[in-house]
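> My questions will all concern the structure given below.
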Amino acid sequence: MILRHDIDNSLPQALRLAEIEANEGVKSTWFALLRTDFYNPASASAQKMLRRIRELGHEIGLHFDEMAYSREGGIEPCANSSTEERVVHEANILADVCGCPVTTVSMHRPSKATLEADLEIPGMVNSYGKTFFHDFKYLSDSRRRWREPVEDIIRGGEYARLHILTHAFWRRRVYPFRQ
Ligand SMILES: [Zn+2]
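In structure tokens form, the structure reads like this:
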């Protein structure tokens, strides 16, 4: 099973869940944004938390927001570049900030085109590549809603490979699957 977390807004919440998982002997991949108003991965406090997540045995990946390059009122990128080049560039920066290799990427609110592109990014695993959706049973809590009964599916053992995405900030209460 691939257990994946996109850190959309809270590093402290991510660290809390990373600690809970480590206590349970679970290792997962934590995808951090580089371009976000919610946190700065290069700040001292963020670096501390990212390092701690790694020390717990987890992996840090890049959460890539393609919209950051076309946001209204945003600064135009100084060079024309492809999505693949932008991902590699951001991964290098994140690796520098984290002091560890960053070899996996997940997309933040990907467009349909990006979802369908099956991007091949040199030296990186694209968790939005077709393999991870076609060869794995994909389950996600995006928009705070499981679309299928995730616990039943895990217990049922029907699928040999699972790809599960959760967001650590959906935390107020247990949010069961609802039909
Ligand atoms: Zn996201």
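Heads up: the sequence shown at position 39 corresponds to 69 in the working numbering, and the numbers run straight through without jumps.
By construction, the Cβ of each residue, glycine as well, lies at the ideal position given by its N, Cα and C atoms.
In this text, all values refer to a predicted model and were calculated from it rather than measured experimentally.
1) What are the uninterrupted segments assigned as beta strand (DSSP E) that are 3 or more residues long and contained completely in the region 112-176, given in chain order?
2) Taking the C-alpha atoms as reference points, what is the distance between D67 and S40?
3) Looking at S256: is its Cβ nearer than 8 Å to the Cβ of L33?
4) How should D182 be labelled, buried or exposed, when 16 other C-beta atoms within 10 angstroms of its C-beta is the threshold for buried?
5) With DSSP collapsed to three states, give me the class of G187.
6) Please state whether DSSP places L64 in a helix, a strand or coil.
7) Can you tell me where the beta strand (DSSP E) holding L47 begins and where it ends?
8) Candidates N53, F94, I83, A147: which alpha carbon is nearest I123's?
In terms of the structure at hand:
1) 134-137, 167-170
2) Along the sequence shown, one-based indexing puts residue 67 at 37. Along the sequence shown, one-based indexing puts residue 40 at 10. Computed Cα separation, rounded: 11 Å.
3) Beyond the ends of the chain as shown, which are 31 and 209, falls residue 256; an answer cannot be given.
4) The sequence position of residue 182 within the sequence shown is 152, counting from 1. Exposed.
5) As a first step, residue 187 is located in the sequence shown; it is residue number 157 there, counting from the start. In the structure shown, G187 sits in coil (DSSP, three-state: anything other than H, G, I, E or B).
6) Along the sequence shown, one-based indexing puts residue 64 at 34. In this structure, DSSP gives L64 a state outside helix and strand, which the three-state scheme calls coil.
7) Walking along the sequence shown from the start, residue 47 turns up at place 17. That residue, L47, is in no beta strand (DSSP E); its alpha helix (DSSP H) goes 41-53.
8) Against the sequence shown, residue 123 aligns to sequence position 93. Comparing Cα-Cα distances from I123 to each of N53, F94, I83, A147, the minimum goes to F94.
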